[in-house]
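Before any comments, here is the structure.
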Amino acid sequence: MLTGKESSKRLRSMLSTVPIVPVLVVRDPTHAIPLAQSLVAGGLPVVEVTLRTPAAIDVIRAMSSVTGCVVGVGTLLSDDDVAAAADAGAKFGVSPGTTETLVTSCEQHDLPLLGGVATVSEMMRLHERGYDVAKFFPAEASGGAPALKAFAGPMPGFHFCPTGGLNPDNIETYIKLPNVLCAGGSWIVPPAHLKSKNWQAIENLAAQASKLPC
3 MLTGKESSKR LRSMLSTVPI VPVLVVRDPT HAIPLAQSLV AGGLPVVEVT
53 LRTPAAIDVI RAMSSVTGCV VGVGTLLSDD DVAAAADAGA KFGVSPGTTE
103 TLVTSCEQHD LPLLGGVATV SEMMRLHERG YDVAKFFPAE ASGGAPALKA
153 FAGPMPGFHF CPTGGLNPDN IETYIKLPNV LCAGGSWIVP PAHLKSKNWQ
203 AIENLAAQAS KLPC
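Numbering-wise (the working numbering), the sequence shown opens with residue 3 and increments by one.
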């Protein structure tokens with residue numbers, strides 16, 4: 003069974019290669035492959051497909067077939083979510099918060115978990131199970147970059163992927179922090195671009211974001 007230490011090790015290997023992980027809400031499965039190709043071509047191959055639409059599992063399966071695309075599944079809430087995501091080929095899971103049940107389920111399904119945290123107590127609970135990588139969510143509402151900077155004191159070995167309220171205007175204040183591996187952002191794939199199938203515009207946004215320091 004996957005351990006917390008191994009889970010975080012795998013996450014570091016995936017997340018440290020990119021400054022931004024696009025957070026995706028995809029309603030049409032036919033968008034999956036061209037979207038994945040555009041993001042890979044733009045230099046952001048690690049993505050999070052949220053379980054917010056009925057098409058999400060089909061999208062994960064399709065995007066996972068694109069060479070170079072590392073697909074994670076977001077909005078994990080239950081054991082059924084974890085099982086479906088792992089079966090669809092997801093390489094890691096992301097949750098808005100973290101429960102013992104969800105952590106155990108991900109370990110049993112060999113799915114590295116980027117569990118959501120907002121407080122030091124939540125980080126300590128993950129740390130007790132061997133984890134040292136987490137999602138800081140909702141980032142802006144939970145204190146933003148100053149909070150992450152403060153966490154570095156009591157939790158020096160912990161690293162984060164902040165998500166929630168990040169945008170092109172504030173992103174650099176996050177990713178320049180030593181305890182930030184990368185950040186999650188939805189602005190890379192605007193709904194209007196997705197609806198109009200403007201793959202080149204999405205690739206261009208990904209290319210801009212890929213040049214951010216990480």
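Beta carbons are placed, not taken as given, at the ideal position from N, Cα and C, and that holds for glycine.
Note that the structure is predicted; figures quoted are calculated from it, not measured.
Considering A87, what are the terminal residues of the alpha helix (DSSP H) in which it resides?
81-90
If you draw a straight line from the C-alpha of A2 to the C-alpha of F160, how long is it?
Since the first residue shown for the chain is 3 and the last is 216, residue 2 is missing from the structure and cannot be characterised.
Under the rule that 16 or more other beta-carbon atoms within 10 Å means buried, what is G155, buried or exposed?
exposed
Per DSSP, the bridge partner or partners of T165:
G186
So V219 packs on L115, CB below 8 Å; how close in whole Å?
No answer is possible for residue 219: it lies beyond the span of the chain, which begins at 3 and ends at 216.
Would the beta-carbon of V119 fall within 8 Å of that of L183?
no
How big is the Cα-Cα spacing for A38 and G166?
22 Å
Cβ of A34 within 7 Å of any heavy atom in the ligand FAD?
With respect to small molecules bound, the structure shown includes none, and the ligand FAD cannot be examined in it.
Take V25 as the anchor and find which of T52, L17, H33 has the nearest alpha-carbon.
T52
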